[in-house]
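A quick write-up on the structure given underneath.
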Amino acid sequence: MQLIFRVEGNQQAGLGHLMRCFALAQAAQEAHIEFTFVCTESTQRFLQSRHQWQGNTALIPNGASIDDEINIIQGLFAAKQGKDTINNKPVFLVLDGYQFDYDYQTKLKSADLPFAYFDDINTFLANGQQHLANIIINGAPSATELGYEQNASTSLLLLGDAYQALRLEFLDLAPIPISERHSMLISFGGADAQNHSLHLLAALSALRVEIPVRVVTGAAYANTGELDACIRQGRIESHDQAFDISMPVQHVHDAQDMADMMLHSKLAVCAAGGSQFELLHCYTPSFLLVVADNQYPATQKASQQGWCEAVDWRKEPVTWDDYLALATQLSLAFDQDKALEKSQQMAIEQMQGRQAQGFGIHNILDACIAQAKFVANEQ
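One rule links them: number in this note's numbering = place in the sequence shown (from 1) + 46.
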């Protein structure tokens with residue numbers, strides 16, 4: 047068995063798609079399954095910067111057409127299938143990204159390439175399109191409510207909590223009590239293209255909040271120099287206003303121990319998406335900021351579970367008053383230990399219900415292996 051991943055991580059798309067595939071690659075590595083990421087050079091650089099990285103990459107030239115991409119992937123299939131003919135090890139493709147739309151997947155299907163597709167909100171259904179993937183993966187709790195049964199009749203559906211793609215570092219963690227957590231975590235994803243990190247830090251300073259804060263920015267964050275300069279000088283500007291930074295601040299860029307940071311945070315404010323499942327596994331009360339429609343169903347479902355609050359920032363632009371309102375909520379919530387302990391208990395209860403379902407990445411990998419073998423036997 048060999049896996050091929052087609053995915054990107056950058057300032058425009060963020061890193062969420064890439065990290066889901068990275069999590070599945072970790073499970074493959076554990077199982078001694080060879081894998082290759084098909085990606086552009088910027089994504090390759092990110093992968094090679096990971097401490098745990100042990101895979102292969104195949105480069106997609108910038109500006110390559112869809113047909114060029116399909117040809118590269120076909121070439122990899124042919125090379126790997128030829129390499130493993132004696133051992134009869136099949137090859138399977140995993141796609142993650144909104145650019146891999148119906149037209150892209152039609153070309154894959156026409157080329158007889160078996161593949162799985164990480165999905166979020168079943169946009170194919172809204173567009174009147176049938177899914178073509180051998181496997182559809184959506185690990186959000188809301189996934190079973192998105193109508194896949196209407197437009198994925200030929201696909202194996204891996205939906206819900208049992209198929210969340212989390213990195214190994216987030217699995218099987220023991221809770222740390224709220225009383226032993228002392229800081230607030232701010233993390234707006236791999237890119238934070240709107241620079242929410244800096245603006246929220248300014249809003250907290252405008253309110254003279256003194257809570258210790260750890261700001262974590264991702265590898266695709268473009269404003270590292272500006273944020274570091276503000277912290278170093280103890281002065282921060284936002285929306286034509288300047289403030290003295292009022293709290294102890296640590297900035298960690300491109301963190302590779304995110305589970306440990308989440309596990310030790312008393313309260314977190316983070317971008318919705320993959321991070322919310324990581325926070326749940328760390329039993330961390332959180333404010334989750336929804337900035338895109340594809341994030342809304344899963345985050346709304348999570349907020350109903352009682353361990354987090356959803357903040358809807360899908361409107362453009364986010365105003366200074368929005369940042370001040372969020373900063374006020376955070377400063378008040380941080381001091382409410384009883385409420386935070388209740389939220390954490392809700393997270394613990396959610397996690398207890400999930401343990402019997404196994405770890406999502408292993409469940410996904412098992413399904414990919416079985417499907418790849420089935421397709422190979424049919425050919």
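Every residue gets a Cβ at the ideal spot worked out from N, C-alpha and C, and that includes glycine.
- Taking each of Ala252, Leu49 and Lys155 in turn and checking the Cα distance to His78, the smallest one comes out for Leu49.
- Pairing Met307 with Ser111, the inter-Cα distance amounts to about 40 angstroms.
- By the beta-carbon neighbour count (other beta carbons within 10 angstroms, threshold 16), Glu324 is buried.
- Between Gln100 and the set Asn108, Gly280, Ser88 and Phe83, the nearest pair of CA atoms involves Phe83.
- Gln391 sits in a helix when the DSSP states are folded into three classes.
- For Lys135, no alpha helix (DSSP H) encloses it, and the DSSP letter there is neither H nor E.
- CA-to-CA, the gap between Glu54 and His408 works out to about 22 angstroms.
- The residue among Phe146, Arg213, Ser284 and Ile232 with its C-alpha nearest the C-alpha of Arg260 is Ile232.
- Uninterrupted alpha helix (DSSP H) stretches at least 4 residues long and entirely within the region 319-372 occur at 320-327 and 342-350, given in chain order.
- Secondary structure note for Tyr150: its alpha helix (DSSP H) is the uninterrupted segment Tyr148 to Ser156.
- Here Ser233 is bridged, per DSSP, to Val262 and Cys316.
- Looking at the backbone, the Cα of Val262 and that of Gly128 are separated by about 44 angstroms.
- Counting along the chain, Ser284 sits inside the beta strand (DSSP E) bounded by residues Arg281 to Ser284.
- A contact between stretches requires three or more CB pairs, one per stretch, nearer than 8 angstroms, and the region 155-170 fails this requirement with the region 300-317.
- In terms of Cβ geometry, Gly235 and Ala317 form a close pair [threshold 8 angstroms].
- Runs of the alpha helix (DSSP H) lying entirely within the region 84-127, each at least 4 residues long, are 87-95 in chain order.
- In the displayed model, Asp290 falls within a strand according to three-state DSSP.
- Within the same chain, Cβ atoms closer than 6 angstroms to the Cβ of Ala186 are found at Ala344, the five residues on either side in sequence being excluded.
- Scanning Leu178, Thr200, Ala208 and Gly174 for the CA closest to the CA of Thr190 turns up Ala208.
- With contacts defined by Cβ atoms closer than 8 angstroms, Lys312 and Ile224 form a contacting pair.
- According to the DSSP assignment, Tyr194 belongs to the alpha helix (DSSP H) that extends over Tyr194 to Asn197.
- For Glu256, the secondary structure class from DSSP, reduced to helix, strand or coil, is coil.
- In its chain, beyond the 5 residues on either side, His245 and Ala248 have a beta carbon closer than 6 angstroms to the beta carbon of Ser284.
- Annotation for Phe420: the continuous alpha helix (DSSP H) segment containing it runs Gly406 to Glu424.
- Around the beta carbon of Pro294, fewer than 16 other beta carbons lie within 10 angstroms, which makes this residue exposed.
- In this structure, the beta-carbon distance from Ile410 to Ile183 falls below 8 angstroms.
- Going by DSSP, Phe161 is part of no alpha helix (DSSP H) but of the beta strand (DSSP E) stretching over Phe161 to Phe164.
- With 16 or more other CB atoms across the displayed protein chains lying within 10 angstroms of its CB, Asp142 is buried.
- Here Tyr144 is exposed. Its C-beta has fewer than 16 other C-beta atoms within 10 Å.
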